[in-house]
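Line by line, the protein sequences give chains A and B.
Going left to right, the first sequence walks through residues 0 to 241 as numbering that gives the first Met the number 0 numbers them.
Going left to right, the second sequence walks through residues 0 to 229 as numbering that gives the first Met the number 0 numbers them.
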Amino acid sequence: MISIQNISKWYGSFQVLTDCTTSVAKGEVVVVCGPSGSGKSTLIKCVNALEPFQKGTITVDGISVGDPKTDLPRLRARIGMVFQNFELFPHMSVTDNLTLGQVKVLDRGQDEARQRGLKLLERVGLLAHKDKYPGQLSGGQQQRVAIARALSMDPIAMLFDEPTSALDPEMINEVLDVMVDLAKEGMTMMVVTHEMGFARKVAHRVIFMDAGRIVEDAKKDEFFGTPRSERAQQFLSKILHH
Amino acid sequence: MFAGYDFDVIERSLGYLFREGMVFTLTLTALAMTGGIIFGTLLAMMRLSSMKAVSAIAGGYVNLMRSIPLVLVIFWFFFLVPYIGAWIIGAARPIAVGAFWSAVITFTMFEAAYYCEIMRAGIQSIPRGQVWSGYALGLNYWQSMGYIVLPQAFRNMIPVLLTQTIILFQDTSLVYVISATDFLGAAAKVANRDYRLVEMYTFVAAVYFVVSYSLSLLVKRLQDRIAIIR
Numbered sequence: 000m001i002s003i004q005n006i007s008k009w010y011g012s013f014q015v016l017t018d019c020t021t022s023v024a025k026g027e028v029v030v031v032c033g034p035s036g037s038g039k040s041t042l043i044k045c046v047n048a049l050e051p052f053q054k055g056t057i058t059v060d061g062i063s064v065g066d067p068k069t070d071l072p073r074l075r076a077r078i079g080m081v082f083q084n085f086e087l088f089p090h091m092s093v094t095d096n097l098t099l100g101q102v103k104v105l106d107r108g109q110d111e112a113r114q115r116g117l118k119l120l121e122r123v124g125l126l127a128h129k130d131k132y133p134g135q136l137s138g139g140q141q142q143r144v145a146i147a148r149a150l151s152m153d154p155i156a157m158l159f160d161e162p163t164s165a166l167d168p169e170m171i172n173e174v175l176d177v178m179v180d181l182a183k184e185g186m187t188m189m190v191v192t193h194e195m196g197f198a199r200k201v202a203h204r205v206i207f208m209d210a211g212r213i214v215e216d217a218k219k220d221e222f223f224g225t226p227r228s229e230r231a232q233q234f235l236s237k238i239l240h241h
Numbered sequence: 000m001f002a003g004y005d006f007d008v009i010e011r012s013l014g015y016l017f018r019e020g021m022v023f024t025l026t027l028t029a030l031a032m033t034g035g036i037i038f039g040t041l042l043a044m045m046r047l048s049s050m051k052a053v054s055a056i057a058g059g060y061v062n063l064m065r066s067i068p069l070v071l072v073i074f075w076f077f078f079l080v081p082y083i084g085a086w087i088i089g090a091a092r093p094i095a096v097g098a099f100w101s102a103v104i105t106f107t108m109f110e111a112a113y114y115c116e117i118m119r120a121g122i123q124s125i126p127r128g129q130v131w132s133g134y135a136l137g138l139n140y141w142q143s144m145g146y147i148v149l150p151q152a153f154r155n156m157i158p159v160l161l162t163q164t165i166i167l168f169q170d171t172s173l174v175y176v177i178s179a180t181d182f183l184g185a186a187a188k189v190a191n192r193d194y195r196l197v198e199m200y201t202f203v204a205a206v207y208f209v210v211s212y213s214l215s216l217l218v219k220r221l222q223d224r225i226a227i228i229r
């Protein structure tokens, strides 16, 4: 589904990604972890071309992301993305947030879009908040709306960029629960997160990044059992034993 | 103290001052504001474009307009617009545009440079994540600008845009140099006809003050309300 081949990226002369290669198969859940500044958020943003990259190729469902001839809006519309800071549109009601993409990008009718949006809102347990504005919701609620908004486009894969790092601890689980359900339904997911509990529960593979490189790319059990790289071992011991 | 003055001249000319002069001033202000904000927003988008040539053209325009005295621009356009108009429609002789439309075009072009800088700050105040999330939904550049960035940028910048508009309202009085009958122009005509310069100019100054000051109070209240919403 998602194939990342030898990706390198520079900000000026500073190299943020070095020769990253990995893939996400259909229905697979891949968790990307690593210390801050390791390039994991940058890598996931390269997948739907929010960040350009200078070397390598990324294909999603067979379509090359870096190809200048690719119709990027059309490709992005098929990939759902959830951001660290939710990024709901603050000047629109929850319902309008859910229908904007459907109406403007997928050309769905207002009614159809609304019905689809409300159904997803119900699924994330927020139907009662449909007429509110994002600013009136808690962080956890906003993030659930953001997930519903991404799902409203009927994506073939979902990208999560640290979806719980900006949340108060008590709100993390309500968001993770939605993501776990999604994973169990067979959604293809690439998730940048430090939530190792989530990784343990639903991930098929775990990728560990450090200093712009993919240091470890292993099956979940291997990763949590005996990571091969010392750097991953250190990282795990630090975040798991608290 | 006021023995030598005749303030009745104001009352006698009120109809003319407001129905002719003030209507001209307000219409000019409203049209130049609308046109200026639209054109200014386009300029701001151009200035922020990643295409160097586009950005340079807009930057050059803005810097040019902001470096020339307004009076000069008014003069220059007044004499030039008829020729430009003729050139556009292919007429053999300069077309008669008239002081009003010449002024509307001038002020729109001139104010656009200032509105551009305001809208540029407004667009830049919207976090990059907002644009990203629009793009991630599959919106293109124009859609993400139109539905996500500009509505928020515009709302954030309303107080500053209105403050600029108050300045525009005052600046429109400069059209007296092309003998247009705006509020000041109308008052000047009465003042010269009746030789009541002190009375008329004092009155005009008072009206400009009242209108501008009330508007600025309104802007301040609006600012407080927007601050609460955010």
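Cβ atoms here follow ideal geometry from the backbone N, Cα and C, with glycine treated the same way.
Values in this document were obtained by computation on a predicted structure and should not be read as measured data.
Compute the beta-carbon to beta-carbon distance between residue i and residue j, rounded to the nearest angstrom, for a pair I have assumed lies under 8 Å.
i	j	result
A/S151	A/L119	6 Å
A/R204	A/A217	7 Å
B/M199	B/V189	6 Å
B/L173	B/V70	6 Å
B/G128	A/F82	6 Å
A/R115	A/Q135	A/R115 to A/Q135, Cβ: 23 Å. No contact.
A/T20	A/I3	6 Å
A/F234	A/G33	7 Å
B/L221	B/P158	6 Å
B/F109	B/V72	5 Å
Check residue i in the structure and name its three-state DSSP category.
i	result
A/G79	strand
A/N257	Nothing can be reported for residue 257 of chain A, as the shown portion of chain A is limited to 0 through 241.
A/M178	helix
A/L158	strand
A/F207	strand
A/M186	coil
B/R195	coil
A/R212	strand
A/A217	strand
By the criterion of Cβ-Cβ separation under 9 Å, what are the contact partners of residue i in chain A?
i	result
B/N155	Those within 9 Å of B/N155 in chain A number zero; the least Cβ separation is about 10 Å.
B/I36	What B/I36 touches in chain A: nothing, since even the nearest Cβ is about 18 Å away.
B/N191	Ordered by position in chain A, no residue passes the 9 Å Cβ test against B/N191, which lies about 52 Å from the chain.
B/S124	Going along chain A, no residue has its Cβ under 9 Å from B/S124, so there is no contact; the nearest lies around 12 Å.
B/S211	Here the premise fails: no neighbours, minimum Cβ distance about 30 Å.
Which residues in chain B have a C-beta closer than 9 Å to the C-beta of residue i? List them in chain order.
i	result
A/P133	None at all; the shortest Cβ gap to chain B is about 11 Å.
Kindly list, in the order they appear in chain B, the residues whose Cβ is closer than 8 Å to that of residue i.
i	result
A/P51	The contacting residues do not exist; A/P51 stays about 11 Å from chain B at best.
A/M189	Per Cβ cutoff of 8 Å: no residues; A/M189 is ~13 Å from chain B at best.
A/G100	L136, G137, L138
A/M0	Result: empty, since nearest Cβ-Cβ is about 17 Å, beyond 8 Å.
A/M152	L136, G137
Name the chain A residues that come within less than 7 Å of residue i, Cβ to Cβ?
i	result
B/A231	The shown model of chain B, from 0 to 229, leaves out residue 231 of chain B, and the question about it has no answer.
B/I147	F88
B/P150	H90
B/S49	What B/S49 touches in chain A: nothing, since even the nearest Cβ is about 11 Å away.
B/S243	Residue 243 of chain B falls outside the range modelled here, since chain B spans only 0 to 229, and no answer is possible.
B/Q142	K103
Taking the Cβ atom as the reference point for each residue, do residue i and residue j lie within a distance shorter than 9 Å?
i	j	result
A/F85	A/G138	yes
B/W114	B/G35	Sequence check: residue 114 of chain B is Tyr here, not Trp. Their beta carbons are under 9 Å apart, which means B/Y114 touches B/G35 by this criterion.
B/L27	B/A102	yes
B/R65	B/A135	no
A/I281	A/V29	There is simply no residue 281 of chain A to check, as chain A begins at 0 and stops at 241 in what is shown.
A/V177	A/R143	yes
A/V194	A/L175	It should be pointed out that residue 194 of chain A corresponds to Glu in this sequence rather than to Val. Yes, they are a contact pair.
A/N96	A/P133	yes
A/T56	A/I1	no
B/L47	B/Q123	yes
B/L214	B/L161	yes
A/R73	B/G145	no
B/V209	B/A186	no
A/G38	A/K8	yes
B/A95	B/S178	no
A/A156	A/V64	no
A/I62	A/L158	no
Whose Cβ in chain B lies nearer than 7 Å to the Cβ of residue i?
i	result
A/P162	Within 7 Å Cβ-Cβ: nothing; A/P162 doesn't reach chain B, min ~13 Å.
A/P72	G137, L138, N139
A/V104	L136, G137, L138
Taking only heavy atoms of the ligand SAM into account, decide whether any of them is closer than 8 Å to the Cβ of residue i.
i	result
B/I94	Of ligands this structure carries none, so the ligand SAM is not represented either.
Closer than 8 Å by beta-carbon distance: list the chain A residues that pair up with residue i, in chain order.
i	result
B/Q129	E86, F88
B/S178	What B/S178 touches in chain A: nothing, since even the nearest Cβ is about 45 Å away.
message: Which runs of the alpha helix (DSSP H) at least 4 residues long sit entirely within the region 93-127 of chain B? Give them in chain order.
response: For the region 93-127 of chain B, whole alpha helix (DSSP H) runs of length 4 or above, ordered along the chain, are 97-123.
task: Return the chain-ordered ranges of every alpha helix (DSSP H) run that is complete within the region 75-134 of chain A and spans a minimum of 4 residues.
output: The qualifying runs are 93-103, 109-122.
- request: Pick out the complete beta strand (DSSP E) segments inside the region 1-70 of chain A, 3 residues or longer, and give them in chain order.
  value: Here the runs fully enclosed are 1-10, 13-23, 28-32, 54-59.
task: Only counting runs of 4 or more residues, tell me where the alpha helix (DSSP H) segments fall wholly within the region 158-215 of chain B, in order along the chain.
output: Qualifying alpha helix (DSSP H) stretches, in chain order: 182-193.
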